[in-house]
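Comments concern the structure below.
Residue numbers (my numbering): 17 to 140.
In structure tokens form, the structure reads like this:
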């Protein structure tokens with residue numbers, strides 16, 4: 017972690033940058049001050065294998081934030097996340113266009129992704 021000094025644009029002693037690791041992935045964060053805001057143009061993608069994982073991440077990350085459509089949410093800091101079961105990508109990528117279209121139609125009606133509902137749409 018580095019901090020702003022006397023010459024920095026941020027308040028002296030406040031965090032200027034930080035490096036951290038989550039699940040083996042290294043991230044670099046820069047405190048650009050009030051001029052730079054989070055937008056949905058950048059989001060973290062959370063791959064889930066079960067509905068329990070989807071539910072857990074959905075509730076924990078949306079606490080104090082805002083839930084949105086199609087597995088997207090913003091946390092209490094305004095950072096966007098996509099909570100997506102891996103099976104969704106598999107279904108949307110199916111060679112059978114009708115199956116993939118049914119899954120897409122079902123997903124577009126969801127906020128938190130429901131794996132069982134996707135599977136029902138996929139089966140027809």
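We put the CB at the ideal spot given by N, CA and C, even for glycine.
Note that the structure is a prediction, hence the values are computed from the model and not measured.
task: Spatial neighbours of residue 92 within its chain, please: CB distance less than 8 Å, with the 5 preceding and 5 following residues excluded, ordered by chain position.
output: Within the same chain, residue 92 has close Cβ partners 79, 80 and 81.
task: Could you spell out where the beta strand (DSSP E) holding residue 37 opens and where it closes?
output: 31–38
query: Looking only at DSSP bridge pairs, what is residue 82 linked to?
result: BP columns for residue 82 point to 90.
field: CB contact flag (residue 119, residue 137, <8 Å)
entry: yes
query: Counting along the chain, where does the beta strand (DSSP E) carrying residue 58 start and finish?
result: First-last for residue 58: undefined, no H or E at that position.
For residue 144, the nearest candidate out of 86, 123 and 99 (CA to CA): This structure leaves residue 144 out entirely; the chain is present only between 17 and 140.
message: In chain order, what are the residue ranges of uninterrupted alpha helix (DSSP H) at least 4 long that sit wholly in the stretch 94–132?
response: 102–108 and 113–123
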